[in-house]
Structures are given as structure tokens and as C-alpha cells.
Amino acid sequence: MGNKELDQKFYLVREDVLPEAMKKTLEAKELIERGKAQSVFEAVQKVDLSRSAFYKYRDTVFPFHTIVKEKIISLFFYLEDRSGTLSELLALVAQYHCNILTIHQTIPLQGRANVTLSLNVTDMSIDLEELLSRLRRLEFVDKVDVLGSGA
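Here the sequence shown is numbered in the UniProt record's numbering, starting from 1 and rising by one per residue.
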């Protein structure tokens, strides 16, 4: 894993400079969240967006108000299966005052396991970029994805 992947940064960007596909992805996500579309297929049809564009941007673009107001984030980890990895991961998250809301761990297969954490980051003592960078630097972490934010 290169340093570029370890040090992903997040930016606040005005809506009028976003590419159309990103704006439509946000619209489609909102339709799904509000129950106005029952599936991704239906949502992308309503906003005239390709499914591939939706999947490209869905986990990378978020409305600012959801991240700022709700302070809840879901992270998906790809881990090497080693003894104590979950404990070490949770200890690091707790060290920065994140409140763990949910934990889901898959059964390890072929030396790999996946973990999803939902965190309340209201009282987090470092910024999100720094937390993600520190999590990615753990020896047993192959990858960390931000699945989304919200209540």
C-alpha cells in the first residue's frame, strides 16, 4: 500500500464546482435514504445517472451537513487475520475518544477478515484524516474505507 493511500485527505468543495456525476450521485443517495427510490437502479434512472458512475462516487461524496451535524461514521476494514488485531484496532479508536456504536466482524477466511465499525466521533481528539491515516498504518490493516456518515 503506497503512502498516497495512507494519507487520503478530505476537502470541502462548493456544489457549483462539483462534476455533474457527483451531484447526481448525491441526489440518488438521498432518494434511496428517503425511500423515494427502492433500489439503486430506480434512483439512478430518476436522476439520469449511470450505475457505474453512482458506484464510483457513492462512498466518496457526502453532503456536508451529514458529516458535521451527525458525527457518526462507518468504517470498513480489510484485515490480516492475526491474534489480537480486533483488540488493537478498538484500542486505537478508543485512544482518540471515539465511541464505538457497532462492531461487525466476518469469519476469517484465507488469512483475511473484514470488520465494520460505526463510531460516534463527536468527542474525537484528532481530525478524521489523522485517525484514518493512523488506522491505515497499523501493520495488520490492508485497507480502510469510509462507508458513510449519518445517524
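Where is the CB? At the ideal position from N, CA and C, for every residue including glycine. Just so we're clear, the structure is a prediction, and the values are computed from it rather than from any experiment.
Looking at the structure shown, is Glu-139 part of a helix, part of a strand, or coil, going by DSSP? coil
Between the alpha carbons of Ala-94 and Gln-45, how many angstroms are there, rounded? 42 Å
Should the segment 45–59 be regarded as contacting the segment 82–94, the criterion being three or more beta carbon pairs within less than 8 Å? no
Neighbour-count burial assignment, Ile-73, 16 or more Cβ in a 10 Å radius: buried
Please classify Arg-112: does DSSP put it in a helix, a strand, or coil? strand
State buried or exposed for Lys-9, treating a residue as buried only when at least 16 other CB atoms are found within 10 Å of its CB. exposed
6 Å Cβ shell around Val-121 - same chain, five flanking residues per side excluded: Lys-71, Ile-73, Cys-98
Of all the options Leu-75, Leu-128, Leu-109, which has the alpha carbon lying nearest to the alpha carbon of Val-115? Leu-75
Relative to the alpha-carbon of Gly-84, which residue among Glu-15, Leu-138, Leu-109, Lys-29 has its alpha-carbon at the smallest distance? Leu-138
Quick check on residue 178: buried or exposed, where buried means 16 or more other Cβ atoms within 10 Å of its Cβ? Residue 178 lies beyond the residue range present for the chain, which begins at 1 and ends at 151; the question has no answer from this structure.
Is the Cβ-Cβ distance between Asp-16 and Gly-148 less than 8 Å? no
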